[in-house]
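A quick write-up on the structure given underneath.
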Amino acid sequence: MGIRHRGTTTVAVAAVAALTLAACGGGGGGGGGKKADGKTSSSASATQDGSTAGGDASPSVTPTQILAQIKGEQGITVVINSAVRDADGFVTVQGSLTNNGDSVFNATTWRGPETALIPSGPSVAGAVLVDEAGKKRYYVLRDTDGKCLCTMGLTLIQPEETRPIFAQFPSPPSATTQVEFELPTMPPAKITISDSEG
Numbered sequence: 001m002g003i004r005h006r007g008t009t010t011v012a013v014a015a016v017a018a019l020t021l022a023a024c025g026g027g028g029g030g031g032g033g034k035k036a037d038g039k040t041s042s043s044a045s046a047t048q049d050g051s052t053a054g055g056d057a058s059p060s061v062t063p064t065q066i067l068a069q070i071k072g073e074q075g076i077t078v079v080i081n082s083a084v085r086d087a088d089g090f091v092t093v094q095g096s097l098t099n100n101g102d103s104v105f106n107a108t109t110w111r112g113p114e115t116a117l118i119p120s121g122p123s124v125a126g127a128v129l130v131d132e133a134g135k136k137r138y139y140v141l142r143d144t145d146g147k148c149l150c151t152m153g154l155t156l157i158q159p160e161e162t163r164p165i166f167a168q169f170p171s172p173p174s175a176t177t178q179v180e181f182e183l184p185t186m187p188p189a190k191i192t193i194s195d196s197e198g
C-alpha cells in the first residue's frame, strides 16, 4: 500500500483536475443569441447582468489586438479588439469599456433613442456600423423579444472597472472590410472587419 497506492492516488487526483479544467474552460463569449426570426445564431448573446452566455462558436478576442480606442465623456474608454464576419452573414464586434473617471457610470445613453430598444436597458444597443463607401448603416440585431444581440446590464460601473462588451450586426458585403463604429455620445472610430476562420 506504499508506493503503488500513492501512485494510484496521484493519477486519480490528476484525472479529476483535468476533468475540472475541461468543464470550466469551454469557449468564451459563445453562441445562443436569437436572430430576428427566432433561430439561434452562432454569435455571443447577452444576459441581463452584462455577461455573455453560450458555447464556443463566437470569434475569440486576442487581448493585445486593438482595432480602435475611443475616449468619451466621464473618462470612459472603449477598446475594440475584434470585428469578425461569420459564414451566416453577421459581424460580431467585441471589446471592452473602462471607467477611468471618478464617478459610477451607467450606459443609459448608449442604448440609443429608439423606443423599440427600451427592453435592452443600459447597453450598447445604440451602436452602429457605417459603411461609408456603400452609404449604408448597420444596426445591432435584436431577438424576438426586442432585446439587442449585445451586452446589456451596463450599470454601476465603478471607477477603474473594466467590462467586456460585444454587439452583433448584419454583415456588410464581403468586399467591405473598413467600417466606422459609432456609439452614442462617443466619437466614431474606423475598424477593420476580418473573416472568421473555418
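Using full-length UniProt numbering, you'd call the opening residue of the sequence shown number 1 and step up by one each time. Note that the Cβ used here is the ideal one computed from N, Cα and C, for glycine as well.
When DSSP states are grouped into helix, strand and coil, leucine 129 belongs to the strand group. In terms of Cβ geometry, proline 172 and glycine 126 do not form a close pair [threshold 7 angstroms]. Each of Gly89, Phe90, Gly112 and Leu97 was checked against the Cα of asparagine 81, and the nearest Cα belongs to Leu97. Looking at the DSSP output, lysine 71 sits in a beta bridge with Thr77. Taking the C-beta atoms as reference points, glutamine 69 is found no nearer than 7 angstroms to phenylalanine 166. Going by DSSP, serine 174 is part of no beta strand (DSSP E) at all; its letter is neither H nor E. Aspartate 195 is bridged by DSSP to Arg85. In the pairwise beta carbon analysis, the region 113-129 is classified as touching the region 179-196: at least three pairs are separated by under 8 angstroms. The shortest CA-to-CA distance from valine 104 to any of Phe169, Thr144, Thr192 and Gln158 is the one to Gln158. Under the criterion of beta carbons closer than 8 angstroms, asparagine 106 and threonine 77 do not qualify as touching, at roughly 16 angstroms. In the DSSP assignment, serine 123 falls outside any beta strand (DSSP E) and carries neither an H nor an E. Per the DSSP secondary-structure output, serine 103 pairs with nothing in a beta bridge. By DSSP's assignment, valine 179 forms a beta bridge with Ile191.
Residue environment analysis places glycine 89 among the exposed positions, since fewer than 16 neighbouring C-beta atoms fall within 10 angstroms of its C-beta. The beta carbon of glutamate 160 sits closer than 8 angstroms to those of Thr98, Asn99 and Asn100, all from its chain and outside the five residues before and after it, given in chain order. When beta bridges are read from the DSSP output, proline 164 appears opposite Ser96.
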